[in-house]
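**Q** Numbering (the numbering used here), first residue to last: 377 to 468.
Built from N, CA and C at the ideal position, the CB exists for glycine as well.
Take this structure first; my questions come after.
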């Protein structure tokens, strides 16, 4: 999915922010543009997907919105990382 930048551009809200906190407590905030640029560069280089393993730790949804907690083991910046993140989804 991450290599389909055009589809991600469709589904990501323009106000998307991804907040990453590493094991040293450093905070990095990625915008929609930065995220799409990241995936586009991976596609151009022919890189492998970030992760082939996804665990959905928690899912809650109703007819208007959903919330998901996900754990993924990904190779970021040439080293493996465990990433735990939450997604808040709203139906338009």
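1) Could you compute how far the alpha carbon of residue 395 sits from the alpha carbon of residue 461?
2) Should the region 443-453 be regarded as contacting the region 416-433, the criterion being three or more beta carbon pairs within less than 8 Å?
3) Within 10 Å of its beta-carbon, does residue 456 have 16 or more other beta-carbons around it, so buried, or fewer, so exposed?
4) Hey, quick one: how far does the beta strand (DSSP E) through residue 433 stretch, first residue to last?
5) Leaving aside the five residues before and after residue 440 along the sequence, list all residues of the same chain whose C-beta is less than 6 Å from its C-beta, in chain order.
6) Pull up the CB-CB distance for residue 444 and residue 412, whole angstroms please, since I reckon it's below 8 Å.
7) Expressed to the nearest angstrom, what Euclidean distance is found between the alpha-carbon atoms of residue 397 and residue 404?
8) Let me know the secondary structure DSSP gives residue 396 once reduced to three states.
9) CB residue 392 to CB residue 407, shorter than 8 Å?
**A** Concretely, from the data shown:
1) Distance between the alpha carbons of residue 395 and residue 461 is about 9 Å.
2) yes
3) exposed
4) Its beta strand (DSSP E) spans residues 430-437.
5) Short of 6 Å from the beta carbon of residue 440, and not among the five residues preceding or following it, lie these beta carbons of its own chain, in chain order: 467.
6) Not a contact, Cβ separation roughly 21 Å.
7) 6 Å
8) DSSP places residue 396 within a strand segment (E or B) once states are collapsed to three.
9) yes
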